[in-house]
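Enquirer: Take a look at the following structure, please.
Numbering (this note's numbering), first residue to last: 5 to 437.
This is how it looks when you write it as structure tokens:
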């Protein structure tokens, strides 16, 4: 559990808050590239870390992320004209470039040079791996981009989804390092014999012991590394995963040779953007790509023209109580929706963590909270975080392997860690001598 004070600290991300200032020291994904597909395309509303902004791509293909309102009289720039290397307010014609400079001020009697005194808030933005990334912190603290391997794989080697969660980023993220929930939430009542999700992820049909726990947790340069152990039909399943500051998770695996990465970026204190990435060092086969785009297991249907799921809190996630009695443990259609249904209302959109009763399998959750709070407090005291300045601290990936039931746990942990930066596939086979 957390005190109310610590819970407020770790969940509040607006300008001037300790956690908000920490988040602003990192490059964060704020849009899909497809939201600003072409030069001079339609502006996009973007709210991130409690700030209302406008994203656009100018005539030269540069991405801008600027204040949502014109500084003249506060008119919304969303309705602006994106033309000739700038966005022009349609109220009085004031025009701004991607750096927030006023380049035209046509209605001003003060003269041509008055525009040089007008500036709007703008943030550096770049496109990488199908995402628009932004840095929202002090200019003199701007770090390099994080060193994820997946930033450099071709487009055919990755698939990316975005949807909006109606809850704080932290409860949206904590399920990724909760090792014991999957064997309940994501299971089927036929001993998982027909569970497509477990077949795709190569976990096997069933766990023999639901008390899956972390056997090793270690702080790293980028965040925290976890090794969990659980007993399954095929043997002892050992999994190594990572959480990297402040919102990057290597969550499980998506299939043979396909890694998973999840990112929950705060919109404000009570909602977040969920970027769900699946990637490989090899092109993803068409049949697997179709599963990620349209499959029952992976794809929550969205309300057309939005990033909100069609099954949502207002319609009880379209839970099927007959399926729950006869097949599905939850009666909720697919993996992402099962998670969303259980996280969007944990005592509300911001979990009241002072009411929790945590157990040993929650150790990873405890460690992540502690790392965030500790780092934010140090920043308040003037100590800058080291993580964003160490790009290679983000170069880690999931590794998983089945071992014989009597195989020494620490030997397995050592072997998995030896492959954390080199594994080309998430499931190791025939590695142990």
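We put the CB at the ideal spot given by N, CA and C, even for glycine.
Could you check whether the region 98 to 117 touches the region 149 to 166, counting it as contact only if at least three pairs of C-beta atoms, one from each stretch, sit closer than 8 Å?
Expert: The region 98 to 117, when compared against the region 149 to 166, does not touch it at the 8 Å Cβ threshold.
Enquirer: Look at the Cβ atom of residue 189, then the Cβ atom of residue 333, and state whether they are nearer than 9 Å.
Expert: Here residue 189 refers to the residue found at position 185 of the chain shown. Here residue 333 refers to the residue found at position 329 of the chain shown. In contact: residue 189 and residue 333 (Cβ atoms closer than 9 Å).
Enquirer: Which partner residues does residue 55 have in the DSSP bridge list?
Expert: On the chain shown, residue 55 is found 51 positions in, with the first residue counted as 1. In the DSSP output, where bridge partners are listed per residue, residue 55 has 52.
Enquirer: Work out the CA separation of residue 284 and residue 429 for me, nearest whole Å.
Expert: Here the question's residue 429 lines up with position 425 in the chain shown. Here the question's residue 284 lines up with position 280 in the chain shown. C-alpha separation (whole angstroms): 8 Å.
Enquirer: Around the Cβ of residue 126, are there at least 16 other Cβ atoms within 10 angstroms (buried) or fewer (exposed)?
Expert: Along the chain shown, read from residue 1 onward, the residue named residue 126 stands at position 122. Buried.
Enquirer: Looking at residue 111 and the ligand ADP, is the gap between the Cβ and the nearest heavy atom below 8 Å?
Expert: With respect to the ligand ADP, the structure offers nothing, as it holds no ligand at all.
Enquirer: Please determine if the region 6 to 24 and the region 369 to 377 are in contact, where contact requires at least 3 C-beta pairs separated by less than 8 Å.
Expert: At 8 Å Cβ cutoff, the stretches touch.
Enquirer: Rounded to whole angstroms, what is the Cα-Cα separation between residue 118 and residue 50?
Expert: Start at 1 with the first residue of the chain shown, and residue 118 comes out as number 114. Start at 1 with the first residue of the chain shown, and residue 50 comes out as number 46. Cα-Cα distance, rounded: 29 Å.
Enquirer: According to DSSP, is residue 139 helix, strand or coil?
Expert: Sequence index remark: in the chain shown, residue 139 carries index 135 (1-based). Of the three classes helix, strand and coil, the one that applies to residue 139 here is strand, per DSSP.
Enquirer: Is it right to say residue 384 is buried, meaning 16 or more other beta carbons lie within 10 angstroms of its own, or is it exposed?
Expert: In the chain shown, the residue the question calls residue 384 occupies position 380. Looking at its Cβ environment, which holds fewer than 16 other Cβ atoms inside 10 Å, residue 384 is exposed.
Enquirer: Residue 54 and residue 35 - do their beta-carbons sit closer together than 9 Å?
Expert: Translated into the one-based positions of the chain shown, residue 35 becomes position 31. Translated into the one-based positions of the chain shown, residue 54 becomes position 50. Going by C-beta atoms, residue 35 is not nearer than 9 Å to residue 54.
Enquirer: Helix, strand or coil: how does DSSP classify residue 132 here?
Expert: As a position in the chain shown, residue 132 is number 128, starting the count at 1. Residue 132: strand per DSSP, three-state reduction.
Enquirer: For residue 379, which three-state DSSP category applies?
Expert: Locating residue 379 in the chain shown gives position 375, where the first residue counts as 1. DSSP places residue 379 in helix when its eight states are reduced to three.
Enquirer: Between which residues of its own chain and residue 350 is the CB-CB distance below 7 Å, once the five residues before and five after are set aside?
Expert: Here residue 350 refers to the residue found at position 346 of the chain shown. 175, listed in sequence order.
Enquirer: Between the region 340 to 359 and the region 295 to 311, are three or more C-beta pairs nearer than 8 Å?
Expert: Judged by Cβ distances under 8 Å, the region 340 to 359 makes contact with the region 295 to 311, as three or more pairs qualify.
Enquirer: Can you tell me whether residue 246 is buried or exposed? The criterion is at least 16 other CB atoms within 10 Å of its CB, across all chains shown.
Expert: As a working mapping, residue 246 is identified with position 242 in the chain shown. Under this definition residue 246 is a buried residue.
Enquirer: Measuring alpha carbon to alpha carbon, tell me which of 63, 31, 310 ends up nearest residue 42.
Expert: Position 38 of the chain shown, counted from the start, is the residue given in the question as residue 42. Checked all of 63, 31, 310; the closest Cα to residue 42 is 63.
Enquirer: Which two residues bound the contiguous alpha helix (DSSP H) that contains residue 34?
Expert: By one-based count along the chain shown, residue 34 stands at place 30. Not the alpha helix (DSSP H): residue 34 falls in the beta strand (DSSP E), residues 31 to 36.
Enquirer: What span of residues does the beta strand (DSSP E) with residue 107 cover, start to end?
Expert: As a position in the chain shown, residue 107 is number 103, starting the count at 1. Per DSSP, residue 107 belongs to the beta strand (DSSP E) from 106 to 108.
Enquirer: Where are the beta strand (DSSP E) runs, 3 residues long or more, that stay fully inside the region 268 to 306, in chain order?
Expert: Counting only runs of 3 or more, we get 275 to 283.
Enquirer: Starting from the N-terminal side, write out each stretch of the beta strand (DSSP E) that is 3 residues or longer and does not extend beyond the region 333 to 415.
Expert: Segments of the beta strand (DSSP E) lying fully in the region 333 to 415: 403 to 407.
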